[in-house]
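Structure first, commentary second.
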Amino acid sequence: MARERFPITLEGHGSGHGFDDERVLVALERAQGFGQLKNMPRRLPVGCRRGGCGVCRVRVTGGDYRADLMSRAHVSAEDEAAGIVLACCIYPQSELYLRLEPIAVKEKGQKAVKTD
Amino acid sequence: MAVSGVLRPGHVALRVLDLDAAIHHYTKVLGLIETARDDKTKRVFLKAWDDFDHHSVVLREADNSGMDYMGWKVESPAVLKKLAADVKNSGLCTDFEWIAAGEHPNTGERFRFTVPTGHSMELFAEKDYVGNGCGTNGPDINPDPWPDGLQGIAPSNFDHCLLYGDDLDGVVKLFRDVLGFGLAEQVMAGPDGELMIGAFLSCSNKAHDIAFIRQPVKNKLHHASFLLGSWEQVLRAGDILSRTKTSIDIGPTRHGITRGETIYFFDPSGNRNEVFSGGYAYYPDKRTVTWTESELGAAIFYHDRKLNEAFLSVFT
Numbered sequence: 013m014a015r016e017r018f019p020i021t022l023e024g025h026g027s028g029h030g031f032d033d034e035r036v037l038v039a040l041e042r043a044q045g046f047g048q049l050k051n052m053p054r055r056l057p058v059g060c061r062r063g064g065c066g067v068c069r070v071r072v073t074g075g076d077y078r079a080d081l082m083s084r085a086h087v088s089a090e091d092e093a094a095g096i097v098l099a100c101c102i103y104p105q106s107e108l109y110l111r112l113e114p115i116a117v118k119e120k121g122q123k124a125v126k127t128d
Numbered sequence: 207m208a209v210s211g212v213l214r215p216g217h218v219a220l221r222v223l224d225l226d227a228a229i230h231h232y233t234k235v236l237g238l239i240e241t242a243r244d245d246k247t248k249r250v251f252l253k254a255w256d257d258f259d260h261h262s263v264v265l266r267e268a269d270n271s272g273m274d275y276m277g278w279k280v281e282s283p284a285v286l287k288k289l290a291a292d293v294k295n296s297g298l299c300t301d302f303e304w305i306a307a308g309e310h311p312n313t314g315e316r317f318r319f320t321v322p323t324g325h326s327m328e329l330f331a332e333k334d335y336v337g338n339g340c341g342t343n344g345p346d347i348n349p350d351p352w353p354d355g356l357q358g359i360a361p362s363n364f365d366h367c368l369l370y371g372d373d374l375d376g377v378v379k380l381f382r383d384v385l386g387f388g389l390a391e392q393v394m395a396g397p398d399g400e401l402m403i404g405a406f407l408s409c410s411n412k413a414h415d416i417a418f419i420r421q422p423v424k425n426k427l428h429h430a431s432f433l434l435g436s437w438e439q440v441l442r443a444g445d446i447l448s449r450t451k452t453s454i455d456i457g458p459t460r461h462g463i464t465r466g467e468t469i470y471f472f473d474p475s476g477n478r479n480e481v482f483s484g485g486y487a488y489y490p491d492k493r494t495v496t497w498t499e500s501e502l503g504a505a506i507f508y509h510d511r512k513l514n515e516a517f518l519s520v521f522t
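Residue numbers (this note's numbering), protein chains in the order written: chain G, 13 to 128; chain V, 207 to 522.
Here is the structure:
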């Protein structure tokens, strides 16, 4: 059966396309490579791509998807019920609308060389 | 004996989200060998082919990723008792616990404690010797250079971990002054270059047996690392990782620190793995190598000469 291909929109930044058996984050990485994502505050947050590190946390604001297991350290059961997921662990089953929800990275990283 | 006290990293215990997916990755892609399974605690025990003790990696199914603990083989039961007392008396550690023999299969009692960066560490003296399967006329008699039946990348040994935590000064003091490690390399930053932000510590002849990076977090795993024999094997690892669509972080490339040739990738639960080759022989009388803030990029990735964003911000 042919792979189904769906538009994926990252609110405020642009759209790309993903396949029904492809991690949404990987589709967004390709969209970024094609220059389809604009006005990003920083690069698309890509970490482990396997549900462990939490940096690609997004809120799905529209559309259907299926999901792999994700670390509960970054996505609680309540989060998941509210559509907050890790983009690396979901697969589009329709057109999708996403919003970056990067609370998990707030206290992470980038401080190793600051001394304040 | 030349290497005494703490001999080497004996095991690392990792939490994984899906045990079957993890077993596939660690046996078929990374190429470790399963040596035991405990269905009751959802744990699997594995070793790299040249690890001669019963196991060096423990996978436990959980609802989040990361490291449960790392265990260190010490030279004897007497040294285990002495070091346990030294750790208790150091004032640097908390949460002391003796784990009964047999809780890990084929393993003696373990002394567990929490270090200043929040990580759980263990010391143990006894784990059954199972050898590397290379002997042709009995175990360790007239051995071949490597065994038949290896799969995937097939590193020879579990080698070290890099961990992230806040109290770098405390943990370096513990490993140097109490556990007898040497400081092979350090990364210094800050206005006067006097703030240590990275420490690469050796209890043996290796350039590092454990490393810590100062980050405002507790008890985080950056990577668990496994040893390969050559740069060509690191390149072959990259081929296997791409062919199996494993999530690659960076590499193949070289570290300035320790001079290792490396590739980083992620297991199916997002725990970072490394396979590497190279480095140098460390001795206790070798002077510490220092990296300064301006050369931090080359220290971490010698060819790119800059940190990728994920190096500091992505961990489990």
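Backbone N, C-alpha and C define an ideal beta-carbon position, used for all residues, glycine too.
For Glu315 (chain V), the nearest candidate out of V:Gly297, V:Val321, V:Asp334, V:Cys299 (CA to CA)
Among V:Gly297, V:Val321, V:Asp334, V:Cys299, the Cα nearest to that of Glu315 (chain V) is on V:Asp334.
Thinking just about the alpha-carbon of each residue, which of V:Asp301, V:Ala307, V:Asp269, V:Lys294 is nearest to the one in Pro283 (chain V)?
The shortest C-alpha to C-alpha distance from Pro283 (chain V) to any of V:Asp301, V:Ala307, V:Asp269, V:Lys294 is the one to V:Ala307.
Quick check: is the beta carbon of Arg69 (chain G) nearer than 7 angstroms to any beta carbon in chain V?
For Arg69 (chain G), the closest Cβ of chain V is not nearer than 7 angstroms.
Where the alpha helix (DSSP H) through Ala39 (chain G) begins and ends:
Under the DSSP assignment, Ala39 (chain G) falls in the alpha helix (DSSP H) whose first and last residues are 36–45.
Unbroken beta strand (DSSP E) runs of length 3 or more, entirely within the region 306–387 of chain V: which are they?
Within the region 306–387 of chain V, the complete beta strand (DSSP E) runs of at least 3 residues fall at 316–320, 326–330, 363–371.
Are the C-beta of Leu223 (chain V) and some C-beta of chain G separated by less than 7 angstroms?
Output row for Leu223 (chain V): interface = yes.
Three-state secondary structure (DSSP) of Gly503 (chain V):
Helix.
Provide the residue span of the beta strand (DSSP E) that contains His29 (chain G), from first to last.
Segment 26–31, the beta strand (DSSP E) holding His29 (chain G).
Beta-bridge partners of Ile416 (chain V), as assigned by DSSP:
Per DSSP, V:Cys367, V:Leu407.
Quick one: which chain G residues come within Cβ less than 8 angstroms of Glu501 (chain V)?
Here the premise fails: no neighbours, minimum Cβ distance about 12 angstroms.
Does the CB of Asp375 (chain V) have a neighbour CB from chain G at under 7 angstroms?
With 7 angstroms as the cut-off, Asp375 (chain V) does not count as an interface residue toward chain G.
Distance between His366 (chain V) and Gly435 (chain V) (C-alpha atoms, nearest Å)
Their backbone Cα atoms lie some 15 angstroms apart in a straight line.
Give me whichever residues DSSP pairs with Val495 (chain V) in a beta bridge.
Paired residue(s): V:Glu391.
Nearest to Met276 (chain V) (by Cα), restricted to the options V:Val264, V:Ala208, V:Arg243
Nearest C-alpha to Met276 (chain V) among V:Val264, V:Ala208, V:Arg243: V:Val264.
Taking DSSP as the reference, what is the three-state secondary structure of Ser210 (chain V)?
Ser210 (chain V) falls in the coil class under three-state DSSP.
Taking Ser83 (chain G) as the reference, which of V:Gly476, V:Phe432, V:Asp259, V:His310 has the closest Cα?
Minimum Cα distance to Ser83 (chain G) is reached at V:Gly476.
How big is the Cα-Cα spacing for Val440 (chain V) and Gly74 (chain G)?
Each residue's CA atom was taken as its position, placing Val440 (chain V) and Gly74 (chain G) some 42 angstroms apart.
Closest Cβ-Cβ distance between Ser475 (chain V) and chain G: below 7 angstroms?
Cβ-Cβ to chain G under 7 angstroms: yes for Ser475 (chain V).
Leaving out the 5 sequence neighbours to the left and right, which residues in its chain are closer than 8 angstroms to Leu49 (chain G) when beta-carbon positions are compared?
Counting only Cβ-Cβ distances below 8 angstroms, and skipping sequence neighbours, we find Leu22, His25, Gly26, Gly28, Leu40, Ala43, Leu56.
Contacting positions in the region 82–95 of chain G - beta carbon closer than 9 angstroms to chain V
When CB distances to chain V are screened at a threshold of 9 angstroms, the residues of the region 82–95 of chain G falling below it are Met82, Ser83, Arg84, Ala85, His86, in chain order.
Classification of Leu69 (chain G) by the beta-carbon crowding that lies within 10 angstroms, buried from 16 upward
Note on identity: in this sequence residue 69 (chain G) is Arg, with Leu being the wrong assignment. That one is buried.
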